[in-house]
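Asker:
Chains as they are written, first to last, in this note's numbering: chain L, 209 to 965; chain D, -7 to 227; chain R, 107 to 459.
1) Run through the DSSP bridge pairs and tell me what residue 698 of chain L is partnered with.
2) Give, in chain order, every residue of the region 306 to 322 of chain R whose Cβ lies closer than 7 Å to some Cβ of chain D.
3) State buried or exposed for residue 19 of chain D, treating a residue as buried only when at least 16 other CB atoms are found within 10 Å of its CB.
4) For residue 301 of chain R, write down the residues that DSSP places opposite it in a beta bridge.
5) Assuming residue 821 of chain L contacts residue 411 of chain L (C-beta within less than 8 Å), just tell me the rounded distance between them.
6) Can you give, in chain order, each stretch of the alpha helix (DSSP H) that sits fully within the region 323 to 383 of chain R and has at least 4 residues?
7) If you drop the 5 nearest sequence neighbours on each side, which residues of the same chain put their C-beta closer than 6 Å to that of residue 799 of chain L?
8) Compare the beta carbon distance of residue 667 of chain L and residue 298 of chain L with 8 Å and say whether it is the shorter of the two.
9) Mapping the DSSP letters down to three states, classify residue 111 of chain D as helix, strand or coil.
10) Compare the C-beta of residue 132 of chain D against all C-beta atoms of chain L and say whether one is closer than 8 Å.
11) Under 9 Å between beta-carbons, which chain D residues line up against residue 396 of chain L? List them in chain order, please.
12) Can you tell me whether residue 296 of chain L is buried or exposed? The criterion is at least 16 other CB atoms within 10 Å of its CB, across all chains shown.
13) Residue 351 of chain R to residue 259 of chain R, Cα distance in whole Å?
14) Terminal residues of the continuous beta strand (DSSP E) containing residue 663 of chain L?
15) Using CA atoms only, rank isn't needed, just tell me which of L:695, L:235, L:529 is closest to residue 254 of chain L.
16) Quick check: the Cα distance between residue 293 of chain R and residue 284 of chain R, rounded to an integer number of angstroms?
17) Which whole-angstrom value is the C-beta distance of residue 770 of chain L and residue 736 of chain L, which I expect to be below 8 Å?
18) Does the Cβ-Cβ distance between residue 375 of chain L and residue 684 of chain L come in under 8 Å?
19) Could you say if the region 644 to 657 of chain L and the region 913 to 923 of chain L meet the contact criterion of at least three C-beta pairs nearer than 8 Å?
20) Can you give me the C-alpha to C-alpha distance between residue 379 of chain R and residue 64 of chain D, rounded to a whole angstrom?
21) Would you mind sorting residue 413 of chain R into buried or exposed? The rule is 16 or more other CB atoms within 10 Å of its CB.
22) Under 7 Å between beta-carbons, which chain R residues line up against residue 446 of chain L? List them in chain order, please.
23) Can you tell me whether residue 257 of chain R is buried or exposed? The criterion is at least 16 other CB atoms within 10 Å of its CB, across all chains shown.
24) Report the rounded CA-to-CA distance for residue 247 of chain R versus residue 127 of chain R, giving the unit in angstroms.
25) Assign residue 80 of chain D to one of three DSSP states: helix, strand, or coil.
26) If you follow the alpha helix (DSSP H) that residue 8 of chain D is in, where does it begin and where does it stop?
27) Can you list the alpha helix (DSSP H) stretches of 4 or more residues lying completely in the region 576 to 610 of chain L, in chain order?
28) On the three-pair Cβ rule with 8 Å, is the region 516 to 527 of chain L touching the region 556 to 563 of chain L?
29) Relative to the alpha-carbon of residue 305 of chain L, which residue among L:661, L:701, L:817, L:734 has its alpha-carbon at the smallest distance?
30) Among L:603, L:554, L:708, which has the Cα closest to the Cα of residue 796 of chain L?
31) Using only CA atoms, which one of L:391, L:851, L:856 lies nearest to residue 568 of chain L?
32) Can you confirm whether residue 140 of chain D, when its beta carbon is compared against all beta carbons of chain B, has any partner nearer than 8 Å?
33) Please report the straight-line C-alpha distance between residue 192 of chain D and residue 451 of chain R, rounded to a whole angstrom.
34) Hey, quick one: how far does the alpha helix (DSSP H) through residue 432 of chain L stretch, first residue to last?
35) Spatial neighbours of residue 292 of chain L within its chain, please: C-beta separation below 7 Å, excluding the five flanking residues on both sides.
36) Going by DSSP, which residues form a beta bridge with residue 299 of chain L?
In C-alpha cells form, the structure reads like this:
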C-alpha cells in the first residue's frame, strides 16, 4: 500500500490503543464458570497462571502456585494480562483497506481471495522471493513450525524471518558457535546454587521480574552478585558489585575480567585442555586487557574490574546470565562469546549450580527460533543450506529437495529489500516492525512501497495500519499449543476461550491460505495438537529434538526440557553433564575478540551515547500492553533518563521537555534527571509508536553473523526545548486520555524555605 | 472457613529492601474481591532522582491499632485473627484521622466513596486459607507469607514485629526483616532530619550515584556539545 | 455534668428515657389517646431510648468523636482555635448541605455502587417511613377520629390538634392506612437486594459477620414479614392466627429496637458525626495547611494535625521524637507518604541496602 489513507490519529481513534481499566462484567461479579491453568502470554519466563473464565470471556486471574518456575509469582504485566481479552480494540473480523474510512469490514472469503491473488500476481511478476513472510517469537512452537512450512511449501519464498531477529539471535548464534547448541546450559533452578552470578546487560528486575526470585534465593545462600549495566537497575541497586559499563564496550569488559582470572590462576586448565578449543588464542587476545586498559575503553574503574575477577574467579559454582544489553550490538555475537569465555575458562559448566543462559525476552523467544521460522533454518534447528538437512526435511514433508528455498534475508534485511524495491509483497503475523525495528522512519518508507501487505494480528498494531488486508487472528488464550521458555523447558498453553466474532485461530488462517494456494495436502490439520506431533517428529534427529514429547507428557511433567529423544528420555534440564558439547569434535569452541567500537560512536555533532531498553509495565512494541489502562498508568509515556551532571551542563532540569536527535530522527519527550545512569549516556524506553518511538533514533547497522541491529548504542544530541507548552509529567496523560494515577509518585524537592539547613 | 491455625502457622514477612519496584503487588492487590479494583498496597520510589529504591507498604496490623483508636466512628475493627479491616461502610465518616495518624502511612481515603479502605491482608483469600495476593505474586519475595520456621531457615535477615516511633512502641502482626543484631526497628527521624526538615544524605547505601562508580569524561562531552574543538576522541 | 463517661452516659440515657415517658404522657393528652394494645411497644421504646442515649454518650465522649462534636459546636456557636483562612464557608450551611446529600440522598453510597445505593435507599427510606408512622401512633401522638356526622370522613389528630381531614375513599386515605404496607414493600426490595449481595459477593462473604451484617437483616425481615402477615391475615383470611401473630410481630419489633443501639444500625445516629466532619474538612481546606517535614508537601489542614496531636495525647499515645540537638519532632507533622519513606529508609539502613 502507498501512504496511509488517513492521518495516524484517525486510525488511533478507530482501532486504539484505547485503555481498558475494568474486567469484563465489572469488579463486583467475578465468579468464574471455569479456571484454566495456562501460562502468561508475555516474556520468556512463561510464568504459570490460572485464568478465570465466565461465559467464554476471561474475567480475571488466579496465581498458579503449582508451576515450579514462578510458584504463583507474576509481574504487573502478568497480573493484568487478562484485560487484553474482551478489549474494545480487539479485531473481530477481516478488514480491507479503504481510502475513505481507513478500513472496512470484509468477509474471510474476500480477505483470502485478495491475499492469494496478490501473492500469485506478485510472485508471477517478480519471482517467488519477491514475497516475504515475517513471523513472531510470541507465537507457539506449533505456529513457528507452521509459518516455516508455509513459507517454504506454500509461498516457496526464501524470505521468511521473524522478530526474534531483534531479540536474542546474537546469543543463539554465539551458543551455536561455542557449544553447537542454541540453548541455556542450565535450568533456572541452578541459579540459587551458584556462589557468584554475573548479570550482564540484563535489567532482570524490569524485564524478567520473576527471575529475581532465583537471584534472591542465591543471595540468601550467600552468593555474590555482579551487575553489568550502564544504569543502576533495581537489581543493580543492591548488588555486591556494580559495573557501569559504557554502552557498546561489553566485549572489552569481559576480556578485562578474563585477564584477571588468568593473572590470578583462577582458570581451570584441565577443563580447558580436555574440553575446549581455542583457549590459547583467547588468552593471547586478553593479555593486553589490563584493568587500566580496560577501564579506558569501558568506563568501568580498574578497581572494580579487579574486584569482579576476585568475585568470579575462586568460587566452586557460578552462573552467567545475559540478555539484550550485550546482544543488541553490531558485535553482539562477539560480546556473548567473550562472556562465554568467562564460563569456559573456569570450567563451571555442565554441573549443578553452574552454567550460562540468555534470558529470552519474547514469550517463545526460545521455541520460536527452533522450528524453521528463521530464514536459515529448517525444523529441528536444522540448517537450510545443508544438503543432508534439506533432504531429511524434504522427505519428511513429501516435497522435492530442490523445491525448498535456500537461506533468505533476515528481518531487517527484508525491510531494507522492500525499501530497495526487491521485495514487493509481505505477509506478517504478530510483528510490529514500525515500532520494533531501528530507524522507524526508514521502515515507514519501506511499508509505503509494498504492492501488497497482509497482516495477521489480534489488534491493529501501528504497522498494520499500512496493510491492504488485516486478518483477525487469535490471542494466546484463544488457542492452544506449546512454547519453550528461556531455560529450554517446553510448556503447554491451554485454551481459555474461543476467538471472538469472526476472528480465527492463527494456525487456521495460515492453513486456509495454504489451501487456497493449492497446498491443502500439506496443511490439512485438525488442530495444533496434530501440528505439534508433526513438529516433534520433524525435529527427531536434529539438535533441537522434541521427538519424545507429547502435549500430555508436557502437562504432566510441568514442561519437558529438550533435547528429548524419545518417550522414555527424561528430557535434558542441564546440558553438557558429560562434558560433551554439540560441536563436531565435542569440544567447546572458544574465541577471543579484540574490542572494536560500535558502528556509530559519539562525535562532535552527536556527542552523547544513546541507549534503549524496557520498562516493567510494557511488553515489546506495546501492541498488547499499551491497551491496558493500569499498566499504562504505571509508566504512561517515554521519558529520557539523564544524569544530573549532564543535565546541569546542558541546562536541563527534571521535567523539562527535550529534543533528542540522532542522524536518523528525533524524539520530543520530558527529561527524567536521575543519578542512576552514566553521565555520558541517555536512555529512552522503546515501547511506544509514532512520534514517541525511541527507534526513530536507533541505528540499523547489523551484526555480521546474527544480523541483529545495534539497538543498544548510537550517538545522539540532547537539547532543551525552551518554550515547550507542556511542562513536567503532565504530558503523560494526554495520549492515554486519562490523567495518570500512578501510585509511584515522583518526589519533588522540598520547598526552599524548608530545605535550607 | 479457614482453620483457626492458619494465621498461627502462617505469617506475613516484609523486606522492603528486596523490592524491585515492579508493582506486581499493586496490580494484583486491586484484583482482590474485597478491594474491587482499588489497590490497597502502597509502592513508591523513595527518591527517584537519587536512586531506584522503592518500598512496598502493607498494613502491619498493629496489635493495638492507632487507626482504630483515633477513629471517631468506631469504624475500624480488628477481628479475632488480628486483622485490622477497612472501615465499616455504614460507619466511616471519612474524616481521615486514621490516614494521617497511622504510624506506617497505610490507610487510604476514597473521597468519592467517603470510605477509608486499607489493606486487610486479602481477607477474602486468607479467610479461605489462601495467601494474600501481593505476597503470592511478589517476584522478589519482598512480600512473603508463610511459616516462621521457613523464613528463619532461608533468610539471613531476622523478622521482628516491634517498631519504635520516638517514645511510642508499636507491636504488629506483620513482621519486618532486619539485621540479626536488632530486636526491633527504630524509626529514626533524627538521622534524616538536618535541622528543621528532612534531608537525604548526599550519598547513601542503596542509592549508588553512577558518577561515583563510573569513569567518564563529561568535559569532553560538553566540549563536543558546544562544538568546541576536541583534540582526540576517547575510545 | 459528671466527667466520668459512664456516669454521664447513665445521666443522658436516663434523661432520654424520662423524656420519652414525658413525651408519651403529654403527647397523648395525658394518655387519653394512648392505645393500650401498643403498651409493650412503648415500654420497649423507653428502654431503647435509654440504651441509645447511653451508647451515644459513651461513643461521643471518646477523644476523637468528642473532638469532632466539639469543633462542630464551635463552628456553629463560635470559639476554638483560629487558623489563617481565606473565605471559610458557613458551618451551618455546610452542615445543612451535608445533611441533605449525606442523610437523604446518600450520594456517597451511589459512588460506591448503584446497586448498593438503591438497596440502601429502599432500606433506609422504608424503615424511616415505618418508624415515622409507628412511633407517633405508639406514643399516642397521632390518632384518627371519624367526623361526628360522617363515618367516611377521617380526621388526623396530632397532639390533640386536627391536622388533616380526608374521605376514606381518597387516595390520601389509602396511602395513610397502607403507609406501613408501602414501607414494607420498599424494605422487602432492599432486603432482597441486600440478601443477594450477602450471599453472592465474594468480598462481602469474606468480611461479613453474623452479628453485624446478617442479624440486622434477619430482624428487619422478621418485622416486615410479620407485619405484612398481620395485614394479610385480617384482610384476606378473616384474622386467622391474628391474635398470636400480633405477639410474634411485637417480639420481632422489640428485638429490632433493642438491636439498634448495640449493632450495625447504630450508624444512623453515628452519622451525625459525619455532619461535623464534613464542615470541619471544608473549613480546614480553606485554612492554613500542614507541610510534611519529610516530603515538603502539604498533606492535611494544620487544624486537623493539631487536633490529632491533642487526641493522641488524650489516648495516651506519644509519637514524639527528640533530635540530637534537643529539638522535639512530633511524628504527626510527617505525612503518610513521608512516614512510608522514613520507614523504608530505616529498614534499608539497618540492612545496608
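Glycine included, each C-beta is placed from N, C-alpha and C at the ideal position.
Answerer: Let me lay it out:
1) Beta-bridge partners assigned by DSSP to residue 698 of chain L: L:692, L:768.
2) 308, 309, 312, 313
3) buried
4) None; residue 301 of chain R has no bridge partner.
5) The pair is a contact, with the Cβ atoms about 6 Å apart (cut-off 8 Å).
6) 348 to 365
7) 486, 545
8) yes
9) coil
10) yes
11) In chain order: nothing, as chain D lies at least about 13 Å away.
12) exposed
13) The straight-line gap separating the alpha-carbon atoms of residue 351 of chain R and residue 259 of chain R is approximately 30 Å.
14) In the DSSP assignment, residue 663 of chain L falls within the unbroken beta strand (DSSP E) covering 660 to 665.
15) L:695
16) 14 Å
17) Contact between residue 770 of chain L and residue 736 of chain L is absent: CB atoms are separated by about 18 Å, not below the 8 Å threshold.
18) no
19) With three or more CB-CB distances shorter than 8 Å, the region 644 to 657 of chain L counts as touching the region 913 to 923 of chain L.
20) 8 Å
21) buried
22) 459
23) exposed
24) 12 Å
25) coil
26) Element bounds for residue 8 of chain D: n/a, residue is neither H nor E.
27) 595 to 605
28) yes
29) L:661
30) L:554
31) L:391
32) The question asks about chain B, but that chain is absent: this structure's protein chains are L, D and R.
33) 10 Å
34) Where residue 432 of chain L is concerned, there is no enclosing alpha helix (DSSP H), although the beta strand (DSSP E) it sits in stretches over 432 to 436.
35) Scanning its chain for C-beta atoms nearer than 7 Å, with the 5 sequence neighbours on each side dropped, one finds around residue 292 of chain L the residues 683, 832, 835, 836, in chain order.
36) Looking at the DSSP output, residue 299 of chain L sits in no beta bridge, so it has no partner there.
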